[in-house]
Amino acid sequence: MIRTAADAAPRPVTGPRIARLARQLEAARDAAARTALTEAFWEAAARTGTPLVEALDDAPGHRAVTFLWRGHRATRQVLLMATGIGDRDRPADTLLHHLPGTDIWYLGFRLRADHRASYRLVADISPGPAPDDPVRLQRRLTALMAHAVADPLNPRRLPVRWRAVESSVFALPEAPPQPWAGRREGIRRGTVERHTVTGHALGEEREVWTYLPPEGADNDGKGDGGGDSDGGPLPVVVLCDGDMWFGRLGFQDTLDALIADGALPPLVVLSPDAVDAATRRRDLGGREAFAAFLAEELLPWARARWPLTADADRTAVAGQGSAGTAALYAGLTRPDRFGRILAQSPSPGGRHPEAGTYADGTYGEDLPSTLAPVVHLGLGLHDGAASAEHGEALVPALRARGYEVHRTVHNGGRDHACWQGLLTEALVEAFR
């Protein structure tokens, strides 16, 4: 079956289990019977976990995915916030339905069977009914978003950036596997450290997370010598957003597993902390200053401390979202330092005046082409219209200037639930 972006678009659907329960409730003889049916439904949902994922006879390449919330008398409405489903500017489109006479709130979508995403839910328990006026309803739902939480019936969790809450994660049966995710027992551990690096280009110091490979590991993770497989200098990856990748996601566990399996050589990761949302916007918006910090200050600082390669072909820069765009800028303007660019869901453009033609998407002649780094580009079908258009335009624009581009498209969006796998795959491809 040929898959297209169109068949990945979510479509509302009533899943088989909800449809069956609605019929059973309608046929129930009394309130006690309806209560028993409702309790049995919740018990089954607790056993199987949520969201409910069911086959569709008329769409074998898709699944009915039903999100659930157990309400109570004060519940006025329940909102779903899911990557790639609905539009944050139209939150009313993802309000759950109430099954009359029960505490069941539900919302179902037909999703292609390779979909992966994170999501949160929030119940409105404001006094009085939900507003009928669309403008007032929009305001209430927008205010509710700040209180969204993980699905209590889904144990698969992901931390939320900048906040002490979590999202839930689901992956349908045909979603790309992530075999190196999570902590694996019985393998050697690398070391994560935090250092303060002077950033003259940034005008201030910056905390940097570093990952050093397991001592003595070689290409099969079991060697008895330091350095790379040939005993030489270590490859290096500069990865934006260290506070998220190492501080929240535990990406060191993935790196440990990759090295243990021989999928990656022992390498060092240098991962600047984003500090906070305002600092991140400033750093990534001022791409020239940030690129100068990475290439001219961070790399020399690290090479003075560890046996790192000076070979651009064994040095990568990586980022996601606006950090993906910053990684592209750093790699394209510093090809003598970065021979590999790993960018997932790069954001379109930028408002910072120093970003120049790069932000406009025109890729002007000022970008060097004498040295051509290899670009590993990961794009999501649900990255958003502007980001998807920008990402797709990147491929021919870069190839026209002579860059080698490896493009991966996945059925997901701007979401660490997807980026974890995409970054891992890009690392393996870049250093194999």
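Start counting the sequence shown at 27; every next residue gets the next number (the numbering used here). The beta-carbon is built from N, C-alpha and C at its ideal position, and this holds for glycine as well. Computed from a predicted model, the values in this text were never measured in an experiment.
{"query": "Local Cβ density within 10 Å of D441, reported as buried at 16 or more and exposed below that", "result": "buried"}
{"query": "Per DSSP, the bridge partner or partners of E233", "result": "T222"}
{"query": "Nonlocal neighbours in the same chain, by C-beta distance under 7 angstroms from I151, ignoring five residues either side", "result": "A100, T101, R102"}
{"query": "Any 3 or more C-beta pairs closer than 8 angstroms across the stretch 28-43 and the stretch 123-140", "result": "yes"}
{"query": "C-alpha distance - E391 paired with R427, whole-angstrom precision", "result": "With a pLDDT of 44 at E391, under the threshold of 50, the modelled position of this residue cannot be trusted; read the value that follows with caution. Taking the straight line from one Cα to the other gives about 9 angstroms."}
{"query": "Beta-carbon proximity check, L325 vs T341, cutoff 9 angstroms", "result": "yes"}
{"query": "L238 versus A227, L293, T280, residue with shortest Cα-Cα distance", "result": "L293"}
{"query": "Separation of A283 from G208, as counted between CA atoms", "result": "9 angstroms"}
{"query": "Helix, strand or coil at H98 [DSSP, three-state]", "result": "coil"}
{"query": "Among H402, D362, A300, the one whose alpha carbon lies nearest that of V371", "result": "Note on residue identity: the sequence assigns Ser, not Val, to residue 371. When only C-alpha atoms are compared, the closest one is H402."}
{"query": "DSSP state of T64 mapped onto helix, strand, coil", "result": "helix"}
{"query": "Straight-line Cα distance separating R366 from F457", "result": "9 angstroms"}
{"query": "Cβ-Cβ separation, D299 to R232 (assumed contact under 8 angstroms), whole Å", "result": "7 angstroms"}
{"query": "Proximity test, R116 beta-carbon vs the ligand NAD heavy atom, cut-off 8 angstroms", "result": "Ligands displayed in this structure: none; no statement on the ligand NAD is therefore possible."}
{"query": "Alpha-carbon to alpha-carbon, M171 and V85", "result": "For the record, residue 85 in the displayed sequence is Ala; it is not Val. Cα to Cα, the separation comes out at about 32 angstroms."}
{"query": "Burial state of E69 (16 or more Cβ within 10 Å)", "result": "exposed"}
{"query": "DSSP three-state assignment for W131, whether helix, strand or coil", "result": "strand"}
{"query": "Residue environment, L310, which counts as buried when at least 16 other CB atoms sit within 10 Å", "result": "buried"}
{"query": "Span of the beta strand (DSSP E), counted from its first residue to its last, around Q103", "result": "103-108"}
{"query": "Inter-residue CB distance, A410 and H436 (contact presumed, cutoff 8 angstroms)", "result": "Correcting the residue type first, residue 410 is Gly in the shown sequence and not Ala. That pair is no contact at about 14 angstroms."}
{"query": "Classification of H408 by the beta-carbon crowding that lies within 10 angstroms, buried from 16 upward", "result": "buried"}
{"query": "Opposing strand residues paired with T434 [DSSP bridges]", "result": "G404"}
{"query": "Environment of A349 [buried if 16+ CB atoms lie within 10 Å]", "result": "buried"}
{"query": "Cβ shell of G439 (< 6 angstroms), same chain only, five flanking positions each side left out", "result": "T109, G110, G406, H408, D409"}
{"query": "Rounded straight-line distance, which links the Cα of P153 to that of L448", "result": "44 angstroms"}
{"query": "Classification of E451 by the beta-carbon crowding that lies within 10 angstroms, buried from 16 upward", "result": "buried"}
{"query": "Beta strand (DSSP E) segment containing P185, residue limits", "result": "183-185"}
{"query": "Simplified DSSP state of D246, which is helix, strand or coil", "result": "Low per-residue confidence applies at D246: pLDDT is 46, beneath 50, and the placement is therefore not dependable, though the value from the model is reported in the following sentence. The answer is coil: DSSP assigns D246 none of H, G, I, E or B."}
{"query": "Nearest-angstrom Cβ-Cβ length linking V475 and G97, presumed shorter than 8 angstroms", "result": "Nothing about residue 475 can be read from this structure; the chain reaches only from 27 to 458."}
{"query": "Outcome for R165 when other beta-carbon atoms lying within 10 angstroms are tallied against a minimum of 16", "result": "exposed"}
{"query": "L78: first and last residue of the uninterrupted beta strand (DSSP E) it sits in", "result": "78-81"}
{"query": "Rounded C-alpha distance that separates P185 from F272", "result": "12 angstroms"}
{"query": "Candidates E211, I285, P291, R363, of which the one nearest E322 by Cα", "result": "R363"}
{"query": "Reduced DSSP secondary structure (H/G/I, E/B, other) of R363", "result": "coil"}
{"query": "Anticipated Cβ contact below 8 angstroms, L94 with A71, distance rounded", "result": "6 angstroms"}
{"query": "Residues near D267 in its chain [Cβ-Cβ closer than 6 angstroms; skip 5 each side]", "result": "A300, A349"}
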